[in-house]
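Here's the structure we're looking at; comments come further down.
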Amino acid sequence: MTLDNAPLTKKDLKSDQDVRWCPGCGDYAILNSVQGIMAGLGIPRHQMLFVSGIGCSSRFPYYMNTYGLHSIHGRAPAFATGIKTANPELSVWMVTGDGDGLSIGGNHFAHILRRNVDVKILLFNNEVYGLTKGQFSPTSPQGMKTKTSPMGSVERPMNPVSFALGCGASFVARTIDTHQKHMEQTLLAAAHHKGAALVEIYQNCVIFNDGFIEGVAEKSVRDEKTIDLRPGEPLVFGKARDKGLKMAGWEPAIVEAAQADTWKADHASPGPAFAMAQLQNQAGMPRPIGIFRSVAAPLFDQGMNEQVQKSIAKKGRGSLKDLVYSGEMWTVG
Amino acid sequence: MSTTRASNAELPLQQYENIVIRFAGDSGDGMQITGNQFTHTAAVIGNDLATFPDFPAEIRAPAGTVPGVSGFQVRFSSSDIHTPGDQPDVLVAMNPAALAINVKDLKTGGIVIVNTGQFGERDLAKAGLASNPLTDGSLKAFRVIEIDINQRVKEALTGSPLTPKEVQRCKNFYTLGLMYWLYNRPLENTIKWLGEKFASKPDLRDANTKALQAGFNAGDIQELFQGRFEVAPCASMPKGTYRNIMGNEALAMGLVAGAELAGVPLFCGSYPITPASGILEQLASYKNYGVLTFQAEDEIAAICAAIGASYTGHLGMTSTSGPGMALKSEAMGLAVSLELPLVIVDVQRGGPSTGLPTKTEQADLLQAIFGRNSEAPIPVLACSMPSDAFDCAIEAVRIAVQYMTPVILLSDGYIANGSEPWRLPKIEDLPRFPAKFLTKVPEGGFMPYARDDKRARPWVKPGTPELEHRIGGIEKSHLTGNINYDPLNHEFMVRMRNDKVMGVRDTIPTPKPKGPDSGDLLVLGWGSTAGSIASAVEVVQARGRKVAAMHLRHVWPLPKGLDAIFARYRAILVPEMNLGQMARILRSEYGGVNFVSYPKVQGQPFFTAELVTKIEELLETKR
Ligand SMILES: Cc1ncc(C[n+]2csc(CCOP(=O)(O)OP(=O)(O)O)c2C)c(N)n1
Ligand code: SF4
Ligand SMILES: [Mg+2]
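The listed protein sequences derive, respectively, from chains A and B.
When we follow the numbering used here, the leftmost residue of the first sequence carries the number 36, and every step to the right adds one.
When we follow the numbering used here, the leftmost residue of the second sequence carries the number 3, and every step to the right adds one.
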């Protein structure tokens, strides 16, 4: 990637379009943080490209003064894969929602992670379909009452982090829209990861699911109710940072801070990350945020282009003549 | 069997203008290879030819059963031909099932070569036959040549290191050798091919070569036939360098050539589906032409990735068949709205749903032209012959790049797997249409939806400084491309996109009727009916009838000047392999013209004879 001489500011990354999210929507804070960290990446604006699907969250590219593609519902991973493979020089970012990425686009979402296409993926999880006005989504909790589930949703929710780990994702993280500092450091880590990097962002929908994550994310309870997974640092949490997590047999258990295990995001197995992702289903356990997994893996886009280069090196760059005048030929006359 | 020697020279060599052979056997019998080898040799000798493989949808249905029969028809000729022929002169039947389902197509008096080694009671039962056709008199109308190929191959390969099962797999080359003898063909080509194919398996190479020679010698030393036949090289083939080409191959090559002629790299996003998979496979072998092939997780991802690649300045393309087209339609609408170049190849097969995956049909025409939500116009082209797929693919790329639009290219199972000799074009004669990328801010500022004289918007590669812009599926403002929900702007943009696509007519030629300039009947075809129509019209013209044939390559928009042509004929016959979809379009576009629809939806191309009958019938009623 070429470095521009003049460093970018956050303002340089704001497009001239009016932002049309509802006042108070968590999407604003995410946009602000993304513009903030991207300005500091040393990547010129014209090398940045944002791709999205459909949903409130997927309007994101219109607000970035970079290249952008607002595509169709659920398919952003496929567009991103085509873009990054065709031009690996670009810094490609994908924005999706819990409905866009996990219901209609679940298939593509799995495959971009599995292939490890070098794309940064921001999944705005508001546990609801925002743009279509409040139906339950694949991440909505069981029992959630919406217009399409007046007696409460019967479905069991899916956990985006567990799903991504199951797909073999090389980078999986989680953050919260209202926790700017944490969001920015998580986004930065994703930006610097080589490969598909998924960041699940809890995002408040003030209209259709207001406060759904307040129980763990609200500032006054956050330190008690969440635990930040920082590679190389002990697994401690609590306002006084007095509690910790330790693997006891196959399960993490709450222990005193001094006995906490040190978090590692690059275990050979995704098992520990998976155990962390499932913590939220156990009463009394903190909700993990931060970096679940970060491992090196071969890049799809690079592999595809290397094959082209290898083939050219071996056979020589084919010409039109080589193409047409091939196979078993004969002449008449 | 008699072992009396009869040398080559003693047997009469009868000359034929053209011959149609059908090789038929179990899917595992290697009939496609046999047919292809016979074809290659005929091509190299200089015959004109056309082939028609016909294989089952199942890879290996139970051996010996009717659903497991695989066939390959080849017609080779000393004169110009357009189709693989209606009825075989010769049928090679490797088992009872192959005989049972193919013999009804054979010409009366035709030759059936039967492998009696596969005609035991169990074989007959597997084929569902109550009696043995070899003894029950049902083959009276034909000349039956019985030969125990199983046994002959076994004898020919005594001492071979192969297992008995492997030895039996050489049966097809024995059969091929026999046919080479019968039609006085050289063995060299196939021997060379075996050498290359089995370079790392010398035992297989030697055994198959030996089987081939044994089959050839059997013709010589055993009185199986009363004589040999010869089909001279085709003298009317225009001068030039030729190769044999299959439709899918030609189409893939045309896409690579098209991208090269536009000066942009090719990106193929595709998902395997019969009969289109060959295009993805072929393109995957063209990496040294800078081609990127992405086997996506489904047809939707395939087209979406291709659109993404087009956004970056590649020529994105995707290949599929009917069911895949259905999945791609939402993304095609996006491509219409984004106004990016894209080629969508639909190799049509029998439908609806899974339908007849390995059989041919032309019933996706209306889907291609109209099958999207809202007003989403896309130019549509259709290939007529295997070699024409090359030119059509180049033309599809030209339109896509010059008009910044998705283009649909229709092929079908008949073209995809059929083959014919292709006179290779001179490279300098190929059209050139270099893509023009906008690389800096033009005077007056950058407008992503400004338009040129073809109403095409600028193509900008992401990565270009100062031209950052956002595109998407929401309606856009004229010029700026910003989101716009204004009613009048919407109608303006709907009309603009439509006018742009209809404007393609300015750069396509008006087709010309072949035959009389006016008269009783014009037979109008599109897609793969071209060969059958040309053959049938030639037959009727030779009988002194005022009938012309015309072919449409551009099926949407239709070329200019058709109304004037239609006005010169009393009726227009439109044969097509659907229930009359093109006829329906023509009726709505050209009121007052007498279009006669002639549909056939059997998973099979039109026979020349049935078209001749239909044409003559129409001429009679016209009198
Ligand atoms: C093919 C298709 N089906 C349905 C829709 C309607 N639709 C638009 S957005 C959406 C759900 C979006 O939910 P989510 O991804 O969670 O995004 P949010 O609005 O919550 O950010 C749906 C169902 C559509 N645009 N396209
Ligand atoms: S509906 Fe919800 S998610 Fe959508 S913009 Fe409004 S607050 Fe944000
Ligand atoms: Mg949502």
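The beta-carbon is built from N, C-alpha and C at its ideal position, and this holds for glycine as well.
Computed from a predicted structure; not experimentally measured.
Is the beta carbon of residue i sitting closer than 7 Å to the one on residue j?
{"i": "A:Asp336", "j": "A:Pro96", "result": "no"}
{"i": "B:Ala303", "j": "A:Ala115", "result": "no"}
{"i": "B:Leu1", "j": "B:Leu432", "result": "Nothing in the structure corresponds to residue 1 of chain B, since chain B is present only between 3 and 625."}
{"i": "B:Thr53", "j": "B:Ser421", "result": "yes"}
{"i": "B:Ser534", "j": "B:Leu613", "result": "yes"}
{"i": "A:Ile139", "j": "A:His105", "result": "no"}
{"i": "B:Leu426", "j": "A:Val359", "result": "yes"}
{"i": "B:His553", "j": "B:Gly527", "result": "yes"}
{"i": "B:Asp88", "j": "B:Gly73", "result": "no"}
{"i": "A:Ala64", "j": "A:Leu43", "result": "no"}
{"i": "B:Tyr405", "j": "B:Lys463", "result": "no"}
{"i": "B:Ile26", "j": "B:Ala95", "result": "Before going on, a small fix: residue 26 of chain B reads as Ala here, not Ile. Closer than 7 Å, so yes."}
{"i": "B:Ala216", "j": "B:Ala158", "result": "yes"}
{"i": "B:Ile617", "j": "B:Val542", "result": "yes"}
{"i": "A:Ala232", "j": "A:Ala225", "result": "yes"}
{"i": "B:Thr276", "j": "B:Thr165", "result": "no"}
{"i": "B:Leu481", "j": "B:Met504", "result": "no"}
{"i": "B:Gln284", "j": "B:Ala254", "result": "yes"}
{"i": "A:Met129", "j": "A:Ile156", "result": "yes"}
{"i": "A:Lys350", "j": "B:Ile429", "result": "no"}
{"i": "A:Leu166", "j": "A:Met99", "result": "no"}
Report buried or exposed for residue i, applying the criterion of at least 16 other Cβ atoms within 10 angstroms of its Cβ.
{"i": "B:Thr623", "result": "exposed"}
{"i": "B:Glu299", "result": "buried"}
{"i": "B:Arg145", "result": "exposed"}
{"i": "B:Gly161", "result": "exposed"}
{"i": "A:Lys119", "result": "buried"}
{"i": "A:Trp298", "result": "buried"}
{"i": "B:Tyr487", "result": "exposed"}
{"i": "B:Ser590", "result": "exposed"}
{"i": "A:Thr410", "result": "This structure leaves residue 410 of chain A out entirely; chain A is present only between 36 and 368."}
{"i": "B:Arg374", "result": "buried"}
{"i": "A:Trp285", "result": "exposed"}
{"i": "B:Thr137", "result": "exposed"}
{"i": "B:Ala132", "result": "exposed"}
{"i": "B:Gln17", "result": "exposed"}
{"i": "B:Ile1", "result": "The shown model of chain B, from 3 to 625, leaves out residue 1 of chain B, and the question about it has no answer."}
{"i": "A:Met186", "result": "exposed"}
{"i": "A:Pro321", "result": "buried"}
{"i": "B:Pro98", "result": "buried"}
{"i": "B:Ala391", "result": "buried"}
{"i": "B:His556", "result": "buried"}
{"i": "B:Glu198", "result": "exposed"}
Measure how close the beta-carbons of residue i and residue j come, nearest whole angstrom, since I'm counting them as under 8 Å.
{"i": "B:Pro559", "j": "B:Val506", "result": "6 Å"}
{"i": "B:Ala550", "j": "B:Gly594", "result": "Not a contact, Cβ separation roughly 19 Å."}
{"i": "A:Thr131", "j": "A:Ser93", "result": "7 Å"}
{"i": "B:Asn174", "j": "B:Met33", "result": "7 Å"}
{"i": "A:Gly353", "j": "B:Tyr288", "result": "7 Å"}
{"i": "B:Thr322", "j": "B:Tyr273", "result": "7 Å"}
{"i": "B:Asn191", "j": "B:Thr43", "result": "5 Å"}
{"i": "B:Ala127", "j": "B:Tyr176", "result": "Actually they are not in contact, since the Cβ atoms of B:Ala127 and B:Tyr176 sit about 25 Å apart, beyond 8 Å."}
- Would you list the residues whose beta-carbon is nearer than 5 Å to any heavy atom of ligand 2, in the order they occur in the chain? A:Trp56, A:Cys57, A:Cys60, A:Cys91, A:Gly165, A:Cys240, A:Val241 and A:Ile242
- Message: Please identify, using Cβ separations under 8 Å, the residues of the region 251-280 of chain A that lie next to chain B, in order along the chain.
- Response: none
- Query: Between the region 251-282 of chain B and chain A, which residues of the former have CB atoms less than 9 Å from a CB of the latter, in chain order?
  - Reply: Glu251, Met255, Val258, Ala259, Glu262, Leu263, Pro267, Phe269 and Gly271
- Interface residues of the region 281-302 of chain B facing chain A [CB-CB below 8 Å]: Tyr288, Lys289, Asn290, Tyr291, Gly292, Val293, Leu294, Phe296, Ala298, Glu299, Asp300 and Ile302
- Message: By the 9 Å beta-carbon criterion, what residues does the region 472-504 of chain B contribute toward chain A?
- Response: Arg472, Ile473, Gly474, Gly475, Ile476, Asn484 and Ile485
- Message: Short of 8 Å Cβ to Cβ, which residues in the region 285-298 of chain A face chain B?
- Response: none
- Message: Give me the subset of the region 449-470 of chain B whose CB atoms are less than 8 Å from a CB atom of chain A, sorted by chain position.
- Response: Lys463, Pro464, Gly465, Thr466, Pro467, Glu468, Leu469 and Glu470
- Selection of the region 160-193 of chain A by Cβ proximity to chain B, strictly under 7 Å: none
- Task: Determine which residues of the region 304-338 of chain B have a Cβ less than 9 Å from any Cβ of chain A, and write them out in chain order.
- Result: Ala304, Ile305, Cys306, Ala307, Ala308, Ile309, Gly310, Ala311, Ser312, Tyr313, Thr314, Gly315, His316, Gly318, Glu332, Ala333, Gly335 and Leu336
- Query: Of the residues that make up the region 108-124 of chain A, which ones have a beta carbon closer than 9 Å to any beta carbon in chain B?
  - Reply: His108, Gly109, Arg110, Ala111, Pro112, Ala113, Phe114, Ala115, Thr116, Gly117, Ile118, Lys119, Thr120, Ala121, Asn122 and Glu124
- Between the region 34-52 of chain B and chain A, which residues of the former have a C-beta closer than 9 Å to a C-beta of the latter? His42, Ala45, Val46, Ile47 and Gly48
- What residues in the region 133-155 of chain A bring their beta carbon closer than 7 Å to a beta carbon of chain B? Asn142, His143 and His146
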